[in-house]
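Enquirer: Residue 1 is where the sequence shown starts when you use the numbering used here, and the numbers rise one by one after that.
C-beta atoms are modelled at their ideal positions from N, C-alpha and C, and glycine is treated no differently.
Following this message is one structure expressed as structure tokens.
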Amino acid sequence: MARKFIWKSPLLEKGDKLFRSDCSDMRNNAILDYEESHRFAVYNLGYFDAAELLVMSYIKEERAKDLLVYPIIYLYRHSIELKLKEFIWSLNYCLNQNTNFPTNHDLKNLWVEFIKLYSKKDSKNILKKSFTDAAIIIKQLSDGDSFSMAYRYPLDKKGNLSKKPTLLNVRNFALLMLKLKRFLDAISEKINNYKFTASESYADGIYA
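Set out below in structure tokens:
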């Protein structure tokens, strides 16, 4: 199962450092310290893009495909979790002028909290079919991994197998995640507008 990597892999040596930015190949430096307003987008897109890159590798790979399916599902799921948490964080700011950040990993609970807050800004649209369709996929994703554990660890906290063996069409899974992302991106634009308006109102001493 060993693969050829993009460079030779010598043994570890004394003085090796992981977190460096002073190497000769500066073009391979990545920015980590983004300002708060951009961090959600960077994290969310990073996990989603990483999942898509793995899916492309999965489709091309002729052997050991099953090694990639766990990180693929986890990365997609975590991306959706982050997006819902961003929505809740932003709506809390718009409605209550606070930035309370949810710490649980339950997608169904996060979706319910998002809908509760979003309905205070846009009560008509949450009745549309697109919201119902998204809720169904969120529920399926949550049912497959309620607390973001099943695809990170082979055993649960009680020592049981975290996920029973099943077959999964990765291409179909990735396609539905892309559809869900497009829906959430459209919602994100609206929430960003609400947040911008709220920021101006707060700056002027007026509640949004």
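Rounded to a whole number of angstroms, what is the C-alpha to C-alpha distance between residue 42 and residue 21?
Expert: 19 Å
Enquirer: Based on the DSSP output, what are the partners of residue 161 in its beta bridges?
Expert: 155
Enquirer: Checking 9 Å against the spacing of the C-beta atoms, do residue 77 and residue 155 come in under that value?
Expert: no
Enquirer: What whole-angstrom Cβ distance do residue 44 and residue 83 have, given they're in contact under 8 Å?
Expert: 5 Å
Enquirer: Determine the contact status of residue 119 and residue 181, defining contact as a CB-CB distance below 9 Å.
Expert: no
Enquirer: Apart from the five residues on each side of it in sequence, which residues of its chain come closer than 7 Å, Cβ to Cβ, to residue 115?
Expert: 126
Enquirer: Can you tell which of 69, 106, 111 and 70 has the C-alpha that lies nearest to the C-alpha of residue 88?
Expert: Comparing Cα positions, the closest option is 111.
Enquirer: Return yes when the Cβ of residue 150 is within less than 9 Å of the Cβ of residue 51, no when it is not.
Expert: no
Enquirer: Pick helix, strand or coil for residue 106, following the three-state DSSP scheme.
Expert: coil
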